[in-house]
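Read the structure below first, then the notes.
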Amino acid sequence: MPFTIIDMLYGGLAPAVVALAIWFVARRVLREDAAARYAPSLALVIGFSAGYWLVWWKEAHGYWMPKFPYDLLAFVVAAAMIFGPVVHTRGVSRFERMLMYVLFGLTAAWLLVPTRPAVQPIRHLYVLGFGPALAAVAFLFDGVCERFRGPLLPGLLTFTGMCTAMVLLLSGTTSFALTVGAGAAALSGITVSMLWTHSANLKGMSLACCTLLCGGMLIGQFNTTNTTVPLASYIILPLAPLLMWCALRGPLSKGTGFVGGMKRVALPVIACLVVVGLAAIAGLRAKAG
Amino acid sequence: MRIFSSSMLVLALFVMGCDAEMGEQRTSGSSSGSAPTTDAGGDSLTSSGTTGDTGTTDDSSATDDAGTSDDAGSTAGAAIADGEVALTPDNTDVVFIGTHADPAKPDPRTCEFTDFDGTATVEDGALTAVSVTIQTEGITTFNPMLTDHLRNPDFFNALEYPEAKFESTSIEAGEDGTVTITGDLTLLAETKPVTFPATVSTEDGLTLNAEFTIDRTEWGMTARQDGVLKEVELQIIIGG
């Protein structure tokens with residue numbers, strides 16, 4: 001068992017409870033427009049940060065200021081907590097929002113891509129690749145958030161986050177798995193809160209959520225020596241929630257209640273399961289062979 | 001729809017670029033992993049069985065490139081040439097044993113460094129200096145997933161800290177072939193002094209046998225202490 005009870009409490013329960021509490025406090029304290037944009041973002045990021053820093057404190061790393069680029073993920077996600085809701089302010093056009101996302105994505109990539117000599121010669125290519133990719137994922141995910149209300153979407157995101165943590169665990173880094181796991185736990189708190197605030201829109205947290213998932217996979221891919229987990233696993237998982245677009249029309253869009261909900265999340269769930277399955281099989285094969 | 005298409009195009013380009021670059025990274029990773037693989041000693045060694053069971057690297061190479069003629073199966077030590085012994089995985093084992101924190105299920109895990117080089121200096125029949133540089137990505141265990149976990153940021157962080165070093169600062173002779181070796185151990189870019197006893201013979205080549213324990217947290221390897229004990233047993237065997 002790679003995780004201890006303390007890991008579960010700090011990296012699982014604490015983020016979920018904090019996210020739940022922040023969601024309701026933010027919606028009560030902030031004005032309606034601000035609450036709609038900030039509540040999801042604040043709940044996700046403060047919940048995630050609570051788990052992240054509790055685990056950090058438990059692991060006694062001996063330093064608090066970031067030492068490696070991967071240490072910056074928590075700070076980049078925290079920046080997205082403010083940046084995401086701001087670009088959803090009324091009056092900001094889609095084009096302007098896309099530009100802001102690209103700017104944010106490039107900055108995030110510049111901070112997260114390692115600076116060690118082996119990466120340095122082509123580091124700018126990674127930055128130029130990851131930045132627009134993160135922006136595109138967040139932009140497309142905005143549309144998903146606008147179209148799907150209720151606990152279905154945060155539930156799917158929780159599942160995606162857990163699968164992401166699982167892949168990071170299979171790649172051999174427990175601390176990265178705990179980092180993304182804390183985000184998944186915070187998303188589970190938001191899922192629960194959506195049972196009472198069914199009509200809330202989650203687009204305010206779109207950027208923070210995509211930064212966490214894409215950034216988690218980026219640091220996992222760049223900072224582990226694992227040779228068994230397929231590259232596709234790192235790339236497909238953060239894109240899985242975008243498959244919700246396929247549920248807007250056609251047979252997957254039909255049906256109501258539990259069955260209808262399951263049909264809408266079927267494609268992303270299958271994609272996540274396949275990706276985790278491939279990573280697990282690759283690990284087992286390596287162990288056997 | 002146009003925005004959707006152009007976004008997917010950007011993504012596809014990134015994925016293709018990523019795939020090509022990552023392929024290179026993976027190839028280099030696996031090549032170092034395949035360096036002199038050994039039977040790393042089974043999955044549940046007890047400390048009493050470590051020396052014999054840790055699996056030496058030289059089962060198929062009686063003579064190495066450095067010209068030494070040692071063999072794990074023989075009793076001859078590592079060959080001394082001009083007062084120096086080239087330490088390689090062919091004549092030296094550098095092994096560490098981590099133990100789980102659960103006292104009911106300690107499951108000691110034996111791990112071996114398979115990529116290192118160094119020098120031992122022998123003057124007038126006495127060992128006077130030892131220095132070894134270890135490539136941390138060359139860790140090998142019985143389980144590829146455990147090997148990955150040890151190489152990654154939770155433990156050795158081999159990509160950020162590719163080298164670990166030991167350099168002796170003094171070697172004091174004791175009785176009956178025992179010596180006390182003091183030196184600087186560099187791990188995760190932290191350099192700390194360590195002192196440990198060893199049994200040394202230079203009669204038929206150099207043989208050295210040392211077993212000691214370090215506290216990994218002193219070098220900043222603090223992660224997962226609730227899962228793996230901070231005390232790590234080290235074994236260094238030259239020649240035997």
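Residue numbers (my numbering), protein chains in the order written: chain A, 1 to 289; chain B, 1 to 240. Beta carbons: idealized from backbone N, C-alpha and C, even for Gly.
Classified as exposed, V29(A) has fewer than 16 neighbouring CB atoms from the shown chains inside 10 Å of its CB. DSSP places R94(A) within a helical segment (H, G or I) once states are collapsed to three.
Counting only Cβ-Cβ distances below 8 angstroms, G183(A) has no contacts in chain B at all, with the closest Cβ about 18 angstroms away.
Under the three-state reduction of DSSP, L127(B) is assigned to strand.
For A74(A), same chain residues with a beta-carbon under 6 angstroms away, outside a window of 5 residues either side, are Y52 in chain order. By the criterion of at least three beta-carbon pairs nearer than 8 angstroms, the segment 221–234 of chain A is not in contact with the segment 191–198 of chain A. F139(A) sits in a helix when the DSSP states are folded into three classes. Distance from the CA of P2(A) to the CA of N209(B), rounded to the nearest whole angstrom, comes to 34 angstroms. Taking the Cα positions, V18(A) is about 35 angstroms away from L128(A). Contact check for G77(B) and T207(B): beta-carbon distance about 4 angstroms, within the 8 angstroms limit, so the pair qualifies.
Three or more beta-carbon pairs drawn from the segment 84–101 of chain B and the segment 112–121 of chain B are found closer than 8 angstroms, and the two stretches are therefore classed as touching.
In chain order, D148, H149, N152, P153 and D154 make up the part of chain B whose C-beta sits under 9 angstroms from the C-beta of T173(A).
In this structure, P15(A) keeps its C-beta atom at 8 angstroms or more from the C-beta atom of M205(A). Under a criterion of Cβ atoms nearer than 7 angstroms, the residues of chain B adjacent to T224(A) are, in order, D148 and N152. At a cut-off of 8 angstroms between beta carbons, T179(A) makes no contact with chain B.
The DSSP assignment places no complete alpha helix (DSSP H) segment of no fewer than 4 residues inside the segment 240–266 of chain A. When Cβ pairs closer than 8 angstroms are counted between the two stretches, the segment 79–89 of chain A is seen not to touch the segment 158–172 of chain B, the count staying below three. Pairing F156(B) with G183(B) gives a Cβ-Cβ distance that is not under 8 angstroms. Y63(A) counts as exposed, since fewer than 16 other C-beta atoms from the protein chains shown sit within 10 angstroms of its C-beta. Using a Cβ distance threshold of 8 angstroms, V200(B) and G177(B) count as a contacting pair. D93(B) is bridged by DSSP to I237(B).
Of all residues in the segment 11–38 of chain A, none has a C-beta nearer than 8 angstroms to a C-beta of chain B. Between I181(B) and A198(B), the beta carbon gap of about 6 angstroms places them in contact (Cβ cut-off 8 angstroms).
By the 16-neighbour rule on beta-carbons within 10 angstroms, P69(A) is buried. Excluding its 5 nearest sequence neighbours in each direction, A109(A) has C-beta neighbours in its own chain below 6 angstroms: V127, F130 and G131, listed in chain order. Below the 7 angstroms Cβ cutoff, chain B contributes T222 and A223 as neighbours of E59(A), in chain order. Against chain A, a Cβ distance below 9 angstroms from A158(B) picks out T225. When the beta-carbon positions are compared, V167(A) and A286(A) stay at least 8 angstroms from each other. Excluding five sequence positions before and after P251(A), the CB atoms of its chain that fall closer than 8 angstroms to its own CB belong to K263, given in chain order. In the DSSP annotation of this structure, the continuous segment of the beta strand (DSSP E) that includes S201(B) starts and ends at E190 to S201.
Listed by position along chain A, the residues whose Cβ is nearer than 8 angstroms to that of P144(B) are T228, G283, A286 and K287. Taken through DSSP and simplified to helix, strand or coil, D7(A) comes out as helix. Secondary structure note for E163(B): its beta strand (DSSP E) is the uninterrupted segment E163 to A173. In this structure, DSSP gives H149(B) a helical state, which the three-state scheme calls helix. DSSP places E84(B) in the uninterrupted beta strand (DSSP E) bounded by E84 to L87. With respect to the 8 angstroms criterion, I190(A) and W23(A) are classified as neighbours on the basis of their beta carbons.
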